[in-house]
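Scroll down for the structure; my scribbles are underneath it.
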Amino acid sequence: MNYIVLDLEATCWMGKPPKGINEVIEIGAVKIDGYGKVKDYFSKLIKPSINPRLSGFCKKLTG
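In this text, residue positions in the sequence shown follow this note's numbering: the first is 1218, and each later residue adds one.
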């Protein structure tokens, strides 16, 4: 049996987000087998469209 572990990174601010919206900025996934061995991985960066500039806080937090 295989498992897919999904990770989403989103825009973030110190406090309330502008316009009250967070946007996905990265999708990551890893496929592991039943023994925990990594079989495949995926990573895709996504440019936010509502607030296209990342905050300093977000850059520091997400690396």
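Note that beta-carbon positions come from the ideal geometry of N, C-alpha and C, so glycine has one too.
Worksheet item: Going straight from the alpha carbon of G1273 to that of Y1258, what length do you get?
Response: 28 Å
Worksheet entry | Euclidean distance between Cα positions of V1241 and L1278 | If I take the Cα positions, the gap works out to 14 Å.
Discussion item. According to DSSP, simplified to helix, strand and coil, what is G1280?
Written reply: coil
Worksheet entry | Nearest-angstrom beta carbon gap, L1262 and E1243 [assumed within contact, 8 Å] | Yes, E1243 and L1262 are in contact; Cβ-Cβ is about 5 Å, under 8 Å.
Item to complete: Determine the direct distance from the alpha carbon of I1221 to that of K1236, and round the result to whole angstroms.
Response: 32 Å
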